[in-house]
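Below is one structure, written out as structure tokens, with a few remarks after it.
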Amino acid sequence: MLRAALFIWSVLCPVVTLRAQPPAESPTAALSYSIAFNEADSHYANVELTIPAQEQASIELMMPTWTPGSYLIREYARHVDGISAQDASDKPLVIEKTKKNRWRVDVTPGSDTRIDYRLYCREMSVRTNWIDHDMAILNGGATFLTLADNVERPHRVRFELPQHWNRSVTSLTPIEGLEHTYLAKNLDELIDAPTICGNPIIQDFMAGGVPHAVANLGDFELWDTEKAAQDVQKIVEQQQKLWGQVPYERYKVLNVIAESGGGLEHDNSTLVMTSRWNYRDPEKYQDWLSLISHEFFHTWNVRRLRPANLARYDYEQENLTRSLWIAEGITSYYEDVMLVRAGLIDRPSYLKRLSKQIQGLQTTPGRLVQSLSDSSFDAWIKYYRPDENSNNSRVSYYIKGCVVAFLLDARIREATNDAKSLDDVMRMLYSEHSNAAGFTDEDFRRVASSVAGVDLSEWFESHINSAVEVDFEPALKWFGLQFAGNKVADVPAGNEPTPAAPNPAGPAPATASSTTTSEASKATTPVETKTPPNQRLPKAWLGLKASETAGQVQVTGVTPGSPAQAAGLNVGDELIAFNQYRVSGGQWQTQLNQLGIGREIQVTIARRGEVRTLTATAIVEPEVNWNLKRMELKVEAAEPFESRLNSWLGKLPESPTKQP
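Residue numbers (numbering that gives the first Met the number 0): 0 to 659.
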């Protein structure tokens, strides 16, 4: 790959300088970029783009509006300042903006064209750009203008680093003998390769016969970067084992430690962000490992195994698909499965993390409004633009996709008596569809049914196309799990669990046939409760969220079917008083608790400046325990379930570590 890239460059672009190159004979000669950071303290990059000579009298330039993996139109052109154009003799050329992300340039035929533009870079995220005195983080879509002619051509990039920076790190192919200079074989590769510049520390390792590197940029003083790289290596090796192949020649993890967060996948790299404080916090470090696992899993699932509608990117408009629950949800499921199989977390930690996903789903009223398929399709207009009603009207394809993947994995294991699993589905799908065409929803369902040996059409209709409660019971019974304090019914003969104590947290979790939280709120008849002195008050619940802003307590969310909705409270209402007692921003919940459950409360509000009084009746806050744990079984009865857990999560290590 490197040899071919160098050959293309040596033939098409023999001149190193970015200015006034001889006319190119090939219509696919490389575009050349030089990126300077002489205005880094002001968060600007100065970009010089040299376009080989064209025969026509004008050219059109384009800048992407979004970046793959982050499904929102981000309008990167808004950060372009002071654009100008010259020919090889420095003659100014007319450049005119024709669309929000396009420019037309009247060029001199037979002469190279140079485009100069300033790029403002002060958005710290994995899909945008950041530049300051200490570092630069650049993403392709947010950085590069290119010719809007859809012609396949190489792109050459040189970074001019300040004297106090020593390294640039990217997955682009380095050009031998030219410092901080790289080659992308086409536009997709250019946009796909984020770059960090500054003074990173790099840890290298080999896995699957391929070189890998973890490049840490920022304040890594509190991080043991060597140990972190060793843990990343375990993740890499476990995922290579699952997929059975290594589809890349090198891989780089760009770990920016700059008090931010998030991750974004790429073909041969990932860009992640974290905090200096996260390494020494065990739970937050697990979160970081989970993020690494998630983004690296995308190396196969998304980057090479793509939904058909994402097989070829249109960088100027939305690429709609109903398969993001597969791309992101299944990846979210495997992110922690890979950690436990790699020995980086134990089973109790894994079940805790899975429980958090289940709780996130089951406490979202929108799960009964929006299907998983619709959630995927509407990602471009909904997921990245949450508002106060999102929790009530939408469901996350990450969270529900993860939960559904868990249920699907259990369904396949049960149908095949543990001979097959979701692992086999993903491998078969990759084998058949990791090509230019990608896969469809129908392809995924066909492969899943084939692996399971049963028709899963009805299962998919219920779990993917419908906004109904999912049924956890089959999966829990298969793995010998239960929600804490709740007994799983109909355990096979001889495997009866020891009766569990009543759940102190509240009623049993909802199933497909049980009453939902919002329905329970509607059906609850308020009962006045009195608490003896010096005892903890039960938490009174109206089903609203509120926060204090500029001295005002404002309603920020109202749960459907709640007492707050029944009383007529709206988002944006200012809470003034309960029963004529002034509401305090930090104390409103305590005040509500002390006014009692089952009693009518006069709620004084201001709505758009008009003072009103509404009547509401608080109930006891609905609580459900979604924490997973092993069923309490006798040793001999637990053996079949232990075998299933080993097949699912890997065998327990030979250590005295207590497992569930």
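All C-beta atoms, glycine included, are put in the ideal place defined by N, C-alpha and C. These numbers come from a predicted model, not from an experiment.
| Asked | Found |
| --- | --- |
| Are at least three pairs of beta-carbons, each pair with one atom in the region 286-298 and one in the region 333-347, less than 8 Å apart? | yes |
| Indicate whether at least one CB of chain B lies closer than 9 Å to the CB of arginine 101. | The displayed structure is made up of one protein chain only, and chain B is not part of it. |
| Among the residues of its own chain, which have a CB less than 6 Å from the CB of tyrosine 116, if the five just before and after it don't count? | Val46, Val79, Ile82 |
| Does the distance from the CB of proline 173 to the CB of tyrosine 181 come in under 9 Å? | yes |
| For a quick check, are the C-beta atoms of serine 392 and glutamine 356 less than 9 Å apart? | no |
| Could you spell out where the alpha helix (DSSP H) holding isoleucine 190 opens and where it closes? | 186-191 |
| I need the straight-line Cα distance from alanine 451 to tryptophan 587, nearest angstrom please. | 53 Å |
| Write down every uninterrupted run of the alpha helix (DSSP H) in the region 554-637 whose length is 4 residues or greater and which is fully enclosed by it, in chain order. | 562-566, 587-594 |
| Cα-Cα, which of Glu472, Glu413, Asp131 is closest to serine 448? | Glu413 |
| What are the boundary residues of the beta strand (DSSP E) that includes aspartate 115? | 112-119 |
| Below 8 Å CB to CB, which residues in the same chain sit around threonine 524 once its five sequence neighbours on both sides are set aside? | With a pLDDT of 46 at threonine 524, under the threshold of 50, the modelled position of this residue cannot be trusted, and the question is left open. |
| Determine the DSSP secondary structure at threonine 330, reduced to helix, strand or coil. | helix |
| State the Cα-Cα distance for the pair lysine 399 and serine 456, rounded to the nearest angstrom. | 18 Å |
| Buried or exposed for glutamate 630, please, with buried defined as at least 16 other CB atoms from any protein chain shown within 10 angstroms of its CB. | Sequence inspection shows methionine at residue 630; the glutamate mentioned does not correspond to that position. Classification for methionine 630: buried. |
| From which residue to which residue does the beta strand (DSSP E) around threonine 269 run? | 268-273 |
| Can you tell me where the alpha helix (DSSP H) holding leucine 541 begins and where it ends? | Careful: leucine 541 lies outside any alpha helix (DSSP H) and carries neither H nor E. |
| CB-CB under 7 Å to valine 358, same chain, minus the five flanking residues each way: which ones, in chain order? | The sequence given here places glutamine at residue 358; valine does not occur at that position. Excluding residues within five positions, the ones whose Cβ falls inside 7 Å are Trp625. |
| I'd like to check one pair, threonine 603 with threonine 589: are the Cβ atoms closer than 9 Å? | no |
| Can you give me the C-alpha to C-alpha distance between threonine 558 and valine 570, rounded to a whole angstrom? | 10 Å |
| Do lysine 251 and valine 125 have their CB atoms nearer than 9 Å? | no |
| On the DSSP bridge assignment, give the partners of arginine 103 in chain order. | Glu59, Glu95 |
| Comparing alpha-carbon positions, which option in Ala84, Pro91, Ser88, Asp89 lies nearest tryptophan 102? | Ala84 |
| Check each candidate in Asp148, Lys90, Ile136, Cys120 and name the one with the smallest Cα separation from threonine 27. | Asp148 |
| What number of angstroms, rounded off, separates the C-alpha of alanine 605 from the C-alpha of glutamate 573? | 5 Å |
| Measuring alpha carbon to alpha carbon, tell me which of Met123, Leu144, Asp86 ends up nearest lysine 96. | Leu144 |
| Which residues bound the alpha helix (DSSP H) around phenylalanine 36? | Note, phenylalanine 36: premise wrong, no alpha helix (DSSP H); not H, not E. |
| Please say whether arginine 302 and aspartate 280 have beta carbons closer to each other than 9 Å? | no |
| Between which two residues does the alpha helix (DSSP H) containing threonine 49 stretch? | Careful: threonine 49 lies outside any alpha helix (DSSP H), inside the beta strand (DSSP E) at 43-50. |
| On a CA-only basis, which of Ala563, Tyr70, Asn128, Ile575 is nearest leucine 543? Give me that one, please. | Ala563 |
| Would leucine 627 pass as a contact of lysine 351 if the rule is Cβ separation under 9 Å? | yes |
| Just to confirm before moving on: does the CB-CB distance between arginine 249 and histidine 211 stay below 9 Å? | yes |
| Give the DSSP bridge partners of leucine 137, in chain order. | Thr194 |
| Inspect the beta-carbon positions of serine 409 and tryptophan 324 and report whether they are closer than 9 Å. | Per the sequence presented here, residue 409 reads as alanine, with serine not at that position. Their beta carbons are not under 9 Å apart, which means alanine 409 does not touch tryptophan 324 by this criterion. |
| Where does the unbroken beta strand (DSSP E) through glutamine 481 begin, and where does it stop? | 480-482 |
| Which residue from Ala326, Leu189, Ala87 puts its Cα closest to that of tyrosine 429? | Ala326 |
| Please state the DSSP three-state secondary structure of asparagine 215. | strand |
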